[in-house]
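S.K.: Residues in the sequence shown are numbered consecutively from 5, following the numbering used here.
In this text, a Cβ means the ideal position worked out from N, Cα and C, and glycines have one as well.
Dropping a structure here in structure tokens format, bear with me for questions.
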Amino acid sequence: MKDAAGNNLLDPQVASNILGNEITVEYGDKSFPLENSVDTRFNMPRPLGLRKEVLGEAKERVLSFGEFSPEHQYKGETFTIHWGDGTKDVVKFDLYITWKKQNPTIHKRLYLNDKEYSKDSFLIKIVK
């Protein structure tokens, strides 16, 4: 989540950050508030939730929502991000497996506000 000038709005050092907003994700009939969790080095499955994370060597601050596994055959799943300022974004995704003999293929496709966003990554760069 960045502003038009490229400032990361999830960075507490940025004066215009959105960390004080009540950011939630609506998925199915549930609402998930932003968790104040601590990242660990363990790569264990986590319950469904909205989290702040720091990715890669660049230490990019991001929000993550999940965890979703392709074995559940997600097709056309949607969730809505409410930014706490009256705006929202709708994410739709496919994440499923097909098999050809013993060889699995994982399919993933991501849409942001009804526009196809990616077939390769589950990272969305949103500019506010």
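1. Out of 18, 66, 100, point me to the one whose CA is closest to residue 108's CA.
2. How many angstroms separate the CA atom of residue 20 from the CA atom of residue 92?
3. When you compare each of 26, 112, 125, 132 to residue 80 by their alpha carbons, which one comes out closest?
4. Does the Cβ of residue 110 have 16 or more other Cβ atoms within 10 Å, making it buried, or fewer, making it exposed?
5. For residue 15, collect the residues of the same chain with a Cβ closer than 8 Å to its Cβ; drop the 5 residues on either side in sequence, then sort them by chain order.
6. When we look at the beta-carbon of residue 94 and count the other beta-carbons within 10 Å, is it buried (16 or more) or exposed?
7. Between residue 29 and residue 54, how many whole angstroms is the CB-CB distance? I'm expecting something under 8 Å.
8. Would you give the residue range spanned by the beta strand (DSSP E) that residue 129 belongs to?
9. Relative to the alpha-carbon of residue 50, which residue among 86, 26, 69, 5 has its alpha-carbon at the smallest distance?
10. Within the same chain, show all residues whose beta-carbon is closer than 8 Å to that of residue 2, passing over the 5 residues directly before and after it, in chain order.
11. Given residue 38, which residues of its chain have a CB within under 6 Å of its CB, disregarding the five upstream and five downstream residues?
M.R.: Walking through what the data contain:
1. One-based indexing of the sequence shown puts residue 108 at position 104. The residue with the shortest Cα to Cα distance from residue 108 is 100.
2. As a working mapping, residue 20 is identified with position 16 in the sequence shown. As a working mapping, residue 92 is identified with position 88 in the sequence shown. Roughly 18 Å separates the two Cα atoms.
3. Stepping through the sequence shown from its first residue, residue 80 is reached at position 76. The candidate whose alpha carbon is nearest that of residue 80 is 112.
4. Translated into the one-based positions of the sequence shown, residue 110 becomes position 106. Flag for residue 110 reads exposed.
5. Locating residue 15 in the sequence shown gives position 11, where the first residue counts as 1. Contacts found: 21, 65.
6. One-based indexing of the sequence shown puts residue 94 at position 90. With fewer than 16 other Cβ atoms inside 10 Å of its own Cβ, residue 94 counts as exposed.
7. The residue labelled residue 29 in the question sits at position 25 within the sequence shown. The residue labelled residue 54 in the question sits at position 50 within the sequence shown. In this structure residue 29 is in contact with residue 54, their Cβ atoms being roughly 5 Å apart against a cut-off of 8 Å.
8. For the purposes of this step, residue 129 is identified with residue 125 of the sequence shown, where counting begins at 1. Here residue 129 belongs to no beta strand (DSSP E), and DSSP marks it neither H nor E.
9. By one-based count along the sequence shown, residue 50 stands at place 46. Selection 86, 26, 69, 5 evaluated against residue 50 yields 69 as nearest (Cα-Cα).
10. This structure does not reach residue 2, given that the chain is present from 5 up to 132, and the question cannot be answered.
11. Here residue 38 is taken as the residue at index 34 of the sequence shown, counted from 1. Excluding sequence neighbours, residue 38 sits near 27, 54.
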